[in-house]
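**Q** Before I ask anything, here is the structure I am working with.
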Amino acid sequence: MYTMADYSSNVYNVYFTTNFRPAPKIQFSTTFAYNKSDARILAVNMPDISARVAADPVFPGELEYFNFEHMTEYSDLDYEYIQVGLGMAYRFGPKMQLTADADFARLNDSKGYVFGIESGSLFFIRTGIQYDF
Amino acid sequence: MKRNIIIALFLLPAILICTGNGPAKAAPTHDYSFWLGSHYTSFEDYNKKVGEYNLGNDELLPEFKGFYLYRSDGSLFRIDGHYYDNKNAEVTARGIRGDRAGGEVYYRSLVRQEGQDLLENINARERTGTTQGGKMLTHAVNDPGADYNTHRQEFGTKFEYLLSRKNNIKIMAAHRSILKKGEEQKILSTHCFSCHLESNTAKVDRQTHQFQAGIQGDIDNYTLGYEFGFRSFDSKADELYGTYDEAKHPANGGNIAEFSSRLSYDDTTLVYGVYPETEKMSHKVRFKGDLGKNGRFSSSLGYSRAKNKRSDLESDAWVGALNYSVLLSERVRLITTATGTRLTADDPFIDVPTYRDGMAGTNTSAAISDFDFTRYSGLDRADARISAELIMRLNKATTFSVLTGFNHIDRYDYPLPEYHYKTNQFYGQVKFRFRSGIKYNNMVKYRLELTSDPWRSFRGLFESPGREVLMPDVIGPTLFSYYQREKLRYQAVTNQPTKAHLFEFSSTYKPDLRHTVMLGVKGKYDKNDDLDSLDVKHYSVQPYLNLVASPSPKWSFVAGYTYGYFKSRGPVSIALFDG
Chain A
1 MYTMADYSSN VYNVYFTTNF RPAPKIQFST TFAYNKSDAR ILAVNMPDIS
51 ARVAADPVFP GELEYFNFEH MTEYSDLDYE YIQVGLGMAY RFGPKMQLTA
101 DADFARLNDS KGYVFGIESG SLFFIRTGIQ YDF
Chain B
1001 MKRNIIIALF LLPAILICTG NGPAKAAPTH DYSFWLGSHY TSFEDYNKKV
1051 GEYNLGNDEL LPEFKGFYLY RSDGSLFRID GHYYDNKNAE VTARGIRGDR
1101 AGGEVYYRSL VRQEGQDLLE NINARERTGT TQGGKMLTHA VNDPGADYNT
1151 HRQEFGTKFE YLLSRKNNIK IMAAHRSILK KGEEQKILST HCFSCHLESN
1201 TAKVDRQTHQ FQAGIQGDID NYTLGYEFGF RSFDSKADEL YGTYDEAKHP
1251 ANGGNIAEFS SRLSYDDTTL VYGVYPETEK MSHKVRFKGD LGKNGRFSSS
1301 LGYSRAKNKR SDLESDAWVG ALNYSVLLSE RVRLITTATG TRLTADDPFI
1351 DVPTYRDGMA GTNTSAAISD FDFTRYSGLD RADARISAEL IMRLNKATTF
1401 SVLTGFNHID RYDYPLPEYH YKTNQFYGQV KFRFRSGIKY NNMVKYRLEL
1451 TSDPWRSFRG LFESPGREVL MPDVIGPTLF SYYQREKLRY QAVTNQPTKA
1501 HLFEFSSTYK PDLRHTVMLG VKGKYDKNDD LDSLDVKHYS VQPYLNLVAS
1551 PSPKWSFVAG YTYGYFKSRG PVSIALFDG
């Protein structure tokens, strides 16, 4: 048994990155990204089978219990992802510089997929020293 | 394996330095850079999606990057490397020795976390009247909370050497290996086709190896080349066993013999989720050169044979291509292409146990008890494609092009043996491009695709209400049978369109060297007009806007926005299972 149905999805993405060097020795950078995606099956109007149920010679009375009211929710997806990053580099001299950066990312999963709700956050910090020979 | 990479990295510069007679040497230069640091990662809540490629958790780990560049007259050698953690690292070494030799060695490693399908949407049970019936769909996750991840390592080498400047004779060789190790989820479908699903953890140990070698040379205005290729894939992981339930009535546990007689196997433990072990060998000849006063052509002919050593199945492919480009006038160029593919694959015979063998009431007719069949390959086909494009420069700023083409696919033994299912597609495209120095660059394109008989899954859809005859049309036992359900399928189904409209516009505005604005939109609408009871169509639109600016030497920024809207209309089908 089948019917025709519409499936739609939306994907939004906004991003922004900057680099700022206020002085020759120091540099800052920032990144920002926002993604949102959702998908769903629109109305599913299964054919009315009630007239056939009584006429079914093999399993009379069984088909009437098919229920499709939650069917449109099976494929609902709704993700939101935000990522923010900050970076800095400070040059001690012509050959050496200190770098530091940090990232934060958050995924909000409103509907869940077969893996369950996948909402989560990531924190990341990195520091180091670069030497140019 | 890592040791081999390190050896190769040291061998490459030695080979290049010792190779051939390079130009006179100037004082070489060396540039080094080294970064040493550490990183800390932590997660909150579910980490497999947001940290898909990051294994660290509440850990401070060392990290380093390195760079080395050697330059002299005609020679160059460069190494870039980055160690993130013991599963994420990459290093590449490239070298050039004049026009005589060049090569590359690389190693890449990453880890990927994978989620676990909880199978929670696999739950169904029929109702009979006001009580629950016996037919049900259930699941069991035998490894709850399993931590699946795979470690992917890839390493490769590429080398090219000029044997003789006379006739420009070159040889090349390349190698690539991909290794994947870890654990993954494998789902076993047991009992009666779809009644019970089980999830287990499987080891991953897959290896892909690829090797290519070739030679090419020039004869007058023509270039002739030959290339040999070999590719293999195998899984070295331990076999995974799954237990198939004892066949019986799911509600009352009875009728064991009856249910068992309908299945190929039950109440046993068998290997499942087996990967193929494949090998593919290919040969390709290339020929290109000048044709006529203003024309150039390139052509190739290839043959490949692939074999699944585990199932002893083979496939053969012949592929030919011919491209011809000619300048018809100072402002008009014609580009034509033609390709042909002939693909054939073995058709395995599937030996199925006799249906309800020895059971009372069995109709001994072979038509309803012997379901042995030949699985005709869906790969068998001939594929031919031709196209012609005329590109005209209307004036200094404007280019106009017209493209048209025709594709033909002839599928053998589909939908039935000895049948041919043929798909023809015609397409046409017009494109305008307007450029004014570096300030404006605009493009607009429209394409129309008309397809007759796109691919369909024949008898792929169950009955719709309103079909006059609901009962299986096979005469046989009075008991309902699983195979009889397949007879209820009657509707060919497809999601492929017969008509498609594609539109694209892009514009770049660059008022000066410090600012750039890019905007555009892509759109597509397609539908299938040939289906009797289905309504299949797709619509998408994807606008975008990007800004790049460097207002001063001190700062710069890049910003952008993209949006995609996708809508499809197609059949939603309910699988009615009924023993």
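Protein chains in written order, with the working numbering: chain A, 1 to 133; chain B, 1001 to 1579. Even for Gly, the Cβ is constructed at its ideal location relative to N, Cα and C.
Taking contact to mean 3 or more Cβ pairs, one atom from each stretch, closer than 8 Å, check whether the region 1136-1143 of chain B and the region 1084-1095 of chain B are in contact.
**A** no
**Q** Starting from Tyr999(B), find everything on chain A with Cβ-Cβ shorter than 9 Å and list it in chain order.
**A** Residue 999(B) is absent from the structure shown; chain B starts at 1001 and stops at 1579.
**Q** When the Cα of Val14(A) is compared with those of Gly1560(B), Lys1567(B), Gly1428(B) and Ser1568(B), which residue comes out closest?
**A** Gly1560(B)
**Q** Figure out for me which residue from Val44(A), Glu69(A) and Asp109(A) has the closest Cα to the Cα of Met4(A).
**A** Val44(A)
**Q** Give a yes or no on whether 9 Å exceeds the smallest Cβ distance from Tyr1083(B) to chain A.
**A** Taking Cβ atoms only, chain A never reaches closer than 9 Å to Tyr1083(B), which makes this a no.
**Q** Applying the 10 Å Cβ sphere with the 16-neighbour rule, what's the burial state of Glu118(A)?
**A** Classification for Glu118(A): buried.
**Q** Does the count of Cβ pairs from the region 1262-1274 of chain B and the region 1351-1360 of chain B closer than 8 Å reach three?
**A** yes
**Q** Closest to Phe1371(B) by CA distance: which of Val1402(B), Arg1356(B) and Ser1377(B) is it?
**A** Arg1356(B)
**Q** How is Ser71(A) classed by DSSP in three states: helix, strand or coil?
**A** Reading off the sequence, residue 71(A) comes out as Met, not Ser. When DSSP states are grouped into helix, strand and coil, Met71(A) belongs to the helix group.
**Q** Name the residue from Glu73(A), Ala89(A) and Asp78(A) whose alpha carbon lies nearest to the alpha carbon of Ile41(A).
**A** Glu73(A)
**Q** Below 8 Å, how does it come out for the region 1206-1213 of chain B and the region 1250-1261 of chain B: are there three or more Cβ pairs, yes or no?
**A** no
**Q** Looking only at DSSP bridge pairs, what is Ser1042(B) linked to?
**A** Phe123(A)
**Q** Kindly indicate if chain B contains any beta-carbon less than 9 Å away from that of Gly85(A).
**A** Judged by the 9 Å Cβ criterion, Gly85(A) is not in contact with chain B.
**Q** Would you please state the rounded distance, in angstroms, between the beta carbons of Leu1036(B) and Ile129(A)? I believe it to be under 8 Å.
**A** 6 Å
**Q** Does the region 1290-1306 of chain B touch the region 1314-1330 of chain B, meaning 3 or more C-beta pairs lie closer than 8 Å?
**A** yes
**Q** Between the C-alpha atoms of Arg1100(B) and Glu1160(B), what's the straight-line distance to the nearest angstrom?
**A** The straight-line gap from Cα to Cα measures roughly 8 Å.
**Q** Could you list the residues in the region 18-34 of chain A with a C-beta less than 8 Å from some C-beta on chain B, going in chain order?
**A** Under the 8 Å Cβ criterion, the region 18-34 of chain A contributes Thr18, Asn19, Phe20, Arg21 and Pro22.
**Q** Measuring only the C-alpha atoms, how far is Tyr1427(B) from Gly1520(B)?
**A** 23 Å
**Q** Kindly indicate if chain C contains any beta-carbon less than 9 Å away from that of Tyr1046(B).
**A** Note that chain C does not occur in the displayed structure, where the protein chains are A and B.
**Q** If you count every other CB in all the chains shown that lies within 10 Å of the CB of Phe1406(B), and 16 or more means buried, which is it?
**A** Its Cβ having fewer than 16 others within 10 Å, Phe1406(B) is exposed.
**Q** Which chain A residues sit within Cβ distance under 7 Å of His1039(B)?
**A** Phe124, Ile125 and Arg126
**Q** Tyr1070(B) to Leu1162(B), Cα distance in whole Å?
**A** 22 Å
**Q** Provide the residue span of the alpha helix (DSSP H) that contains Ala1257(B), from first to last.
**A** Ile1256 to Ser1260
**Q** Just mark Ser1452(B) as buried or exposed, buried being the case when its beta carbon has 16 or more other beta carbons within 10 Å.
**A** With fewer than 16 other Cβ atoms inside 10 Å of its own Cβ, Ser1452(B) counts as exposed.
**Q** Who are the neighbours of Tyr1561(B) on chain A, taking C-beta pairs under 9 Å?
**A** Tyr12, Asn13, Val14 and Tyr15
**Q** So Leu107(A) contacts chain B; which residues on that side make the cut at Cβ distance below 7 Å?
**A** Lys1049 and Val1050
**Q** Taking its Cβ as the centre, do 16 or more other Cβ atoms sit within 10 Å of Phe68(A), making it buried, or is it exposed?
**A** exposed
**Q** According to the Cβ coordinates, are Gly1273(B) and Leu1188(B) closer than 9 Å?
**A** yes
**Q** Does the beta carbon of Ser110(A) sit closer than 9 Å to a beta carbon anywhere in chain B?
**A** no
**Q** For Lys1439(B), does the three-state DSSP call read helix, strand or coil?
**A** coil
**Q** Across which residues does DSSP place Asn1528(B) in a beta bridge pair?
**A** Asn1528(B) is bridged by DSSP to Val1536(B).
**Q** Of all the CB atoms in chain A, is at least one closer than 9 Å to the CB of Lys1284(B)?
**A** no
**Q** Got a sec, what are the start and stop residues for the beta strand (DSSP E) Asp1085(B) sits in?
**A** Ser1075 to Asp1085
**Q** Find the residues of chain B that neighbour Glu118(A), judging by a C-beta separation of less than 9 Å, and give them in chain order.
**A** Chain B residues near Glu118(A): Asp1045, Tyr1046, Lys1048, Lys1049, Val1050 and Gly1115.
**Q** Report yes if the C-beta distance between Gln1116(B) and Phe115(A) is below 9 Å; otherwise report no.
**A** yes
**Q** Does the Cβ of Ala1027(B) have 16 or more other Cβ atoms within 10 Å, making it buried, or fewer, making it exposed?
**A** Exposed.
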